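Enquirer:
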Amino acid sequence: MFNLKTTPFHERTSALCQPQNWRKWAGYFVVGSYEHVLDREYWAIRNAAALIDVSPLIKYIIKGKDAANLLHRVTTRDIHKMKVGQVAYTGWCDEEGKMIDDGTVSRLDETTFRLTAAEPNLRWLSMNAVGMEVEITEVTDEVAALSFQGPNTRKVLNKVTESPVDELKYFRLMKNKIKGIEVTISRTGYTGDLGYEIWMDNKDALKIWDTLMEAGADYGITPVGILAMDMARVEAGLFMLDVDYTSATHAWIEPQKSSPFELGLDWTVALDKQGYFVGRRALEKEKREGSVWKMVGLEVDWVGMEKLFKQVGLPPQIPGMAVRGSLPILSGNVQVGYASTSTWSPLLKKYIALAHLQKPYFEVGTDVRMEITVEHHRQHAPAKVVKLPFYEPEWKKK
Amino acid sequence: MTNHYNTIIIGTGHNGLVAAAYLAKQGKKVLVLERRSIIGGSVVTESFGENFTVDSVQTGGTLRPDIIKDLKLSLPTVTQKPDFISLQPDGNHLILNEESIKRFSEKDASRWGEFVRFMDKAASILDAAYATIMPRLPKNMSLRDGYGLLELGLELRLAGRKDMLNFIRALPMSAQELVEEYFESEVVRAAIASVAIHNSTLGPMSAGTGYTLIHNWLNRGGLALTPTPLPEGEGQRVKGIGEITNALANAVKSFGGEIRTEAEVKNIKIENQIAKGVVLANGEEISADVILSSADPKHTLLKLVGAQDLPPEFVWHTQSIKMRGAVAKIHLQTNGNHGIPEGTCVVAPSVKYLEKAYDSAKYGEISEKLYLEVTTSENTVSIHFQFAPYELKNSSWQVEGSKVEKLAIDTLAVYFPNLKSSIVNRKLITPKDLEETYGLTEGGINHGQLMLDQFLFMRPIPGWSNHKTPIDNLYLCGSGVHGGGGVSGVSGRNVVKVLK
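Which chain is which? The protein sequence lines are A and B, in order.
When you number the first sequence by the numbering used here, it's gap-free, plus one each residue, and the end is 398.
When you number the second sequence by the numbering used here, it's gap-free, plus one each residue, and the end is 898.
(1) Are the beta-carbon atoms belonging to I499(B) and D488(B) less than 8 Å from one another?
(2) Would you say E286(A) faces chain B, with C-beta separation under 8 Å as the test?
(3) By the three-class DSSP mapping on this structure, what secondary structure does Y756(B) have?
(4) Kindly indicate which residue of L238(A), L206(A), K155(A) has the alpha-carbon position closest to the one of Y391(A).
(5) Can you list the residues of chain C that V278(A) reaches, using a CB-CB cut of under 8 Å?
(6) I79(A): buried (16+ other C-beta within 10 angstroms of its C-beta) or exposed?
(7) Mind checking L770(B): buried by the 16 CB within 10 Å criterion, or exposed?
(8) Taking the straight line between their C-alpha atoms, what separation do you get for E444(B) and H736(B)?
(9) Please compile the residues from chain B whose C-beta is within a distance smaller than 7 Å of the C-beta of P128(A).
(10) Under a three-way DSSP split, which group does W25(A) fall into?
(11) Roughly how many angstroms lie between the CA atoms of G27(A) and D101(A), to the nearest whole one?
(12) So what does DSSP say about V812(B), is it helix, strand or coil?
(13) What ranges does the alpha helix (DSSP H) occupy inside the region 602-659 of chain B, keeping only unbroken runs of at least 4 residues that lie completely in it?
(14) Please identify the residue among V893(B), G882(B), R891(B) whose C-alpha is closest to the C-alpha of L524(B).
(15) Counting only beta-carbon atoms, is S704(B) nearer than 8 Å to chain A?
(16) Taking DSSP as the reference, what is the three-state secondary structure of Y788(B)?
(17) What's the call for T809(B), buried or exposed, on a 16-neighbour Cβ count within 10 Å?
(18) When the Cα atoms are used, what is the spatial distance from Y609(B) to K98(A)?
(19) Do S863(B) and N413(B) have their beta-carbon atoms positioned less than 8 Å apart in this structure?
(20) When the Cα atoms are used, what is the spatial distance from D481(B) to V744(B)?
(21) Taking the straight line between their C-alpha atoms, what separation do you get for T835(B) and V54(A)?
(22) Is it the case that the region 640-652 of chain B contacts the region 430-443 of chain B, given that we only count it when at least three CB pairs across the two stretches are under 8 Å?
(23) Whose C-alpha, out of A50(A), T366(A), D39(A), T6(A), is nearest the C-alpha of L194(A)?
(24) Quick one: is the Cβ of S472(B) within less than 7 Å of any heavy atom of the ligand ZN?
(25) Considering only the alpha carbon of each residue, which of T405(B), N816(B), E496(B), S508(B) lies closest to V428(B)?
(26) If we count Cβ pairs, one from each stretch, closer than 8 Å, do we get three or more for the region 81-99 of chain A versus the region 274-290 of chain A?
(27) My parser needs the beta strand (DSSP E) runs of 3 or more residues fully inside the region 81-127 of chain A; what are they?
(28) Hey, how far is the Cα of G890(B) from the Cα of R172(A)?
(29) Can you give the Cα-Cα distance for D757(B) and L241(A), rounded to whole angstroms?
(30) In the DSSP assignment, find the unbroken alpha helix (DSSP H) run with N892(B) in it and report its ends.
(31) Going by DSSP, which residues form a beta bridge with C875(B)?
(32) Against chain A, with Cβ distances strictly below 8 Å, would Q456(B) count as a contact?
(33) Is there a Cβ of chain B sitting closer than 8 Å to that of E95(A), yes or no?
(34) Taking the alpha-carbon positions, what's the C17(A) to V143(A) distance?
(35) Just verifying my parser: in three-state terms, what is the DSSP assignment at N495(B)?
(36) Does the CB of G131(A) have a neighbour CB from chain B at under 8 Å?
Given below as structure tokens:
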């Protein structure tokens with residue numbers, strides 16, 4: 001029988017998980033929420049310091065003379081331009097230029113990289129490494145990871161790290177020590193806030209957790225589950241594989257696939273880079289001809305929604321967490337797209353969604369209507385296309 | 399610019415030269431590059447000593463007549479087909495004709511004509527398919543693909559429904575099943591079945607040897623190998639299959655094309671997935687608008703291009719092409735008293751014998767009971783040895799070479815006692831030699847096994863059956879492409895149609 005694994009932090013997280021709200025993530029149990037409602041966890045991300053167990057992230061160490069060549073070939077970024085200590089967010093595509101997965105590439109040294117992924121990619125990486133001097137090792141089960149997110153995280157980390165993290169820039173990483181334990185700290189995350197990800201050996205996981213919890217006590221450190229993170233990532237305009245797009249390797253039919261352009265990742269597609277990379281031809285073509293779809297932000301008009309609820313004598317009702325369900329989007333009476341994740345944004349006080357819209361409806365400012373359910377009836381609330389991200393605090397990159 | 403050509407063709411095998419000749423005839427500036435010091439690829443007649451000149455790899459076959467006509471080649475048509483002889487220990491050899499078959503089975507003799515008629519018909523259907531460039535399934539078909547297929551469809555309609563059905567039915571069958579439907583004599587069955595497994599690493603009980611039988615029948619024009627006759631008035635030279643490639647080379651030159659020997663292509667120069675030229679082993683760079691490779695797909699794509707410039711799925715498919723060479727060649731120079739009759743002689747006593755010979759290959763072993771096909775030319779004897787697998791279990795070809803030579807001679811000497819004492823000199827060509835000297839990856843003479851998952855629109859790999867590659871301006875034109883396998887030259891001609 002297939003059993004879900006537990007992460008190296010399980011001893012701590014399971015003791016704290018009051019509602020037994022567990023979620024499956026890449027073969028692991030992780031905490032969905034530590035409390036019955038998400039508010040406290042959500043606000044810890046935005047106002048304090050959220051400690052999130054992200055160990056199930058799939059991680060590969062790619063090492064060898066051709067490590068950079070392999071990632072340059074597989075991903076859409078110009079990996080040869082990356083400096084040691086730099087982290088790059090990227091998607092990777094099949095030969096038709098359709099997204100397979102996305103994650104971060106970290107250049108640990110000249111010939112060693114760490115690649116994170118949402119799903120297993122070993123076969124794909126190996127297929128691309130033919131004739132290369134490179135070793136690909138999956139370290140998902142050996143490397144524990146904590147995402148430490150929120151405006152107070154820098155102060156907490158500085159209390160416990162051997163070298164201060166003040167100089168650590170956005171999307172850079174550093175080797176550091178916490179209580180003498182070697183860790184890698186990257187200025188990355190999935191919340192769009194100030195934040196760090198701490199990478200460590202499994203055996204050190206509990207010690208690091210305890211040290212952070214102790215040091216963060218005065219800064220509102222809060223263990224946070226992935227459901228609150230899900231709300232924050234929508235505000236940050238970050239999408240998720242299998243929720244907001246389907247991997248080209250899993251899609252049943254062509255229309256289920258997405259290109260990086262269609263997901264708004266234009267900035268990650270380095271068409272000016274040297275040499276072949278997977279999907280290059282198709283991506284060049286799409287760039288030339290323009291994309292038919294685009295993922296955009298959608299803000300539902302509160303007053304418009306209020307009216308629909310008022311008709312049945314109710315105040316507007318919004319789910320208390322991010323909804324990973326497809327909601328049709330209309331222009332007039334014609335469907336022109338769909339929202340893949342929608343959520344109430346407690347910070348913005350807005351009902352927002354990541355939406356996939358057809359040309360030309362994806363232009364910012366376009367008025368559309370999104371399906372909402374009003375007392376068991378399907379209605380369509382007015383909404384507007386907006387730029388992503390919905391929320392970007394000044395301290396995110398500072 | 400002297401160092402720029404319209405088309406560079408890699409390899410002077412028959413297909414490379416056929417393509418080169420057609421293109422040069424069109425007025426294109428053509429350069430053909432050959433690794434070895436002599437031209438011909440596998441279609442070569444070469445000398446291994448004084449009075450020891452043989453067809454070292456391919457020992458028979460003819461170009462398609464339309465190619466000979468188009469290129470005005472001075473290759474006389476063969477009027478007399480040699481005998482196909484199945485050797486018997488008692489000397490009562492079976493010759494595949496009605497009269498001789500009668501001695502083994504009256505009934506089989508009566509069915510021989512019907513079998514030949516079916517095989518000729520099946521071969522002509524296959525021929526029509528080979529002459530048609532296959533669409534790139536499962537990609538969308540282009541209008542031109544559709545037109546070619548329509549033509550093929552019409553041609554097949556004319557073949558008649560019954561023959562068509564029998565042809566389609568025969569392809570996936572085993573050679574054993576096919577011959578058993580016609581013949582009762584084990585000797586007759588095995589003789590025919592041996593042609594099905596010739597150059598294939600398959601046994602007569604393998605599915606799909608119905609297809610390989612038809613393929614080889616088509617390429618040989620029947621069962622026996624046809625030696626290439628000399629053009630009139632040139633009786634002095636030692637005749638051989640190299641006449642074909644020589645005639646083609648002359649045609650290339652007469653149309654203004656260039657041929658360079660000892661010019662090994664190290665790699666194909668690629669910029670942004672577009673082929674720009676070639677780099678030779680000596681470092682020389684030559685540019686061209688179009689590059690054709692008549693080398694096998696694995697060599698061309700994985701060595702000359704390199705995986706780094708190709709899409710991953712394509713690399714995977716290319717790696718997966720089954721080459722599986724299991725042929726060794728033993729050429730003997732004798733004092734002339736070998737006693738072997740003219741024609742194509744085979745050691746193929748029974749279907750089970752052949753199957754067991756193949757069994758060894760499956761396990762990386764050299765057959766102890768082997769299938770031999772023997773041709774002679776005056777004082778020389780050429781032995782085709784199966785199965786001698788390229789990949790040997792727990793051994794190497796350096797160690798096993800002499801074993802193969804001994805096995806071949808011992809086996810043949812059972813039928814021809816004078817053979818051993820007549821031998822003056824010998825030349826062994828192992829599957830490793832086929833790779834290293836003749837550039838055939840894994841010793842695969844057909845540039846990829848002829849099997850049902852590697853033919854029609856699946857040759858060389860699914861989705862790339864029309865000579866094209868993911869590299870613009872780089873085309874394949876060797877035996878590894880649809881139509882290939884054998885000396886017909888059809889892949890070399892088809893590529894020219896794609897270039898138009």
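Where is the CB? At the ideal position from N, CA and C, for every residue including glycine.
Remember, predicted model here, so these are calculated numbers, not experimental data.
Expert: Taking the coordinates as given:
(1) Locating residue 499(B) in the second sequence gives position 101, counting from the first residue. Locating residue 488(B) in the second sequence gives position 90, counting from the first residue. No, Cβ-Cβ distance for I499(B) and D488(B) is not below 8 Å.
(2) If you number the first sequence from 1, residue 286(A) lands on position 286. For E286(A), the answer is no, since every Cβ of chain B falls outside 8 Å of its Cβ.
(3) The sequence position of residue 756(B) within the second sequence is 358, counting from 1. Reduced to three states, the DSSP call for Y756(B) is helix.
(4) Position 391 of the first sequence, counted from the start, is the residue given in the question as residue 391(A). Closest by alpha carbon: L238(A).
(5) Of the chains in the structure shown, none is chain C; the protein chains are A and B.
(6) The residue labelled residue 79(A) in the question sits at position 79 within the first sequence. Burial call: buried.
(7) By 1-based counting over the second sequence, the position of residue 770(B) is 372. Counting every other CB atom within 10 Å of its CB across the protein chains shown gives L770(B) a total of 16 or more, marking it as buried.
(8) Residue numbering aside, residue 444(B) sits at position 46 when the second sequence is read from its first letter. Residue numbering aside, residue 736(B) sits at position 338 when the second sequence is read from its first letter. Rounded to whole angstroms, the separation of the alpha carbons of H736(B) and E444(B) is 21 Å.
(9) Start at 1 with the first residue of the first sequence, and residue 128(A) comes out as number 128. With the sequence shown as reference, residue 128(A) is identified as Asn, and Pro is not the correct amino acid for it. Chain B residues near N128(A): P710.
(10) Counted from its first residue, the first sequence places residue 25(A) at position 25. Here W25(A) carries a strand assignment [DSSP, helix/strand/coil].
(11) One-based indexing of the first sequence puts residue 27(A) at position 27. One-based indexing of the first sequence puts residue 101(A) at position 101. For G27(A) and D101(A), the distance between alpha carbons rounds to 17 Å.
(12) To locate residue 812(B), count along the second sequence from 1; it is residue 414. Here V812(B) sits in coil by DSSP.
(13) Runs of the alpha helix (DSSP H) inside the region 602-659 of chain B: 607-618, 640-652.
(14) Here residue 524(B) corresponds to residue number 126 of the second sequence, with the count starting at 1. For the set V893(B), G882(B), R891(B), the Cα lying nearest the Cα of L524(B) is the one of G882(B).
(15) As a first step, residue 704(B) must be located in the second sequence, where it is residue number 306. It should be noted that the sequence gives Gly, not Ser, for residue 704(B). With a threshold of 8 Å between beta carbons, G704(B) makes contact with chain A.
(16) Residue mapping note: residue 788(B) aligns to position 390 of the second sequence, counting from 1. In the three-state DSSP reduction, Y788(B) falls in the coil class, being neither helix nor strand.
(17) As a working mapping, residue 809(B) is identified with position 411 in the second sequence. Buried.
(18) Taking the second sequence and counting its residues from 1, one reaches residue 609(B) at position 211. Taking the first sequence and counting its residues from 1, one reaches residue 98(A) at position 98. Separation of Y609(B) and K98(A) (C-alpha to C-alpha, rounded to the nearest whole angstrom) is 39 Å.
(19) Counted from its first residue, the second sequence places residue 413(B) at position 15. Counted from its first residue, the second sequence places residue 863(B) at position 465. For N413(B) and S863(B), no; Cβs fall outside 8 Å.
(20) Counted from its first residue, the second sequence places residue 481(B) at position 83. Counted from its first residue, the second sequence places residue 744(B) at position 346. Distance between the alpha carbons of D481(B) and V744(B): 11 Å.
(21) For the purposes of this step, residue 835(B) is identified with residue 437 of the second sequence, where counting begins at 1. For the purposes of this step, residue 54(A) is identified with residue 54 of the first sequence, where counting begins at 1. C-alpha separation (whole angstroms): 56 Å.
(22) Yes, the region 430-443 of chain B is in contact with the region 640-652 of chain B.
(23) Taking the first residue of the first sequence as 1, we reach residue 194(A) at position 194. Nearest option by C-alpha distance: A50(A).
(24) No copy of the ligand ZN appears in this structure; indeed no ligand is present at all.
(25) Here residue 428(B) refers to the residue found at position 30 when the second sequence is read from its first residue. Out of T405(B), N816(B), E496(B), S508(B), T405(B) has the C-alpha closest to the C-alpha of V428(B).
(26) With three or more CB-CB distances shorter than 8 Å, the region 81-99 of chain A counts as touching the region 274-290 of chain A.
(27) Within the region 81-127 of chain A, the complete beta strand (DSSP E) runs of at least 3 residues are 87-93, 99-109, 112-117.
(28) Your numbering for residue 890(B) matches position 492 in the second sequence. Your numbering for residue 172(A) matches position 172 in the first sequence. Cα-Cα distance, rounded: 55 Å.
(29) As a position in the second sequence, residue 757(B) is number 359, starting the count at 1. As a position in the first sequence, residue 241(A) is number 241, starting the count at 1. Between D757(B) and L241(A), the C-alpha separation is close to 49 Å.
(30) The residue given as residue 892(B) occupies position 494 in the second sequence. DSSP places N892(B) inside the alpha helix (DSSP H), whose first and last residues are 888-897.
(31) Within the second sequence, the letter at position 477 stands for residue 875(B). Bridge partners of C875(B): none, in fact.
(32) Counting from 1 along the second sequence, the entry for residue 456(B) is found at position 58. Interface residue (Cβ-Cβ distance to chain A less than 8 Å): Q456(B) is not classified as such.
(33) In the first sequence, the residue the question calls residue 95(A) occupies position 95. By this cut-off, E95(A) is an interface position.
(34) For the purposes of this step, residue 17(A) is taken as residue 17 along the first sequence, with counting starting at 1. For the purposes of this step, residue 143(A) is taken as residue 143 along the first sequence, with counting starting at 1. Computed Cα separation, rounded: 22 Å.
(35) Position 97 of the second sequence, counted from the first residue, corresponds to residue 495(B). In this structure, N495(B) counts as coil in the three-state DSSP scheme.
(36) Residue numbering aside, residue 131(A) sits at position 131 when the first sequence is read from its first letter. For G131(A), a Cβ of chain B is located within less than 8 Å of the residue's own Cβ.
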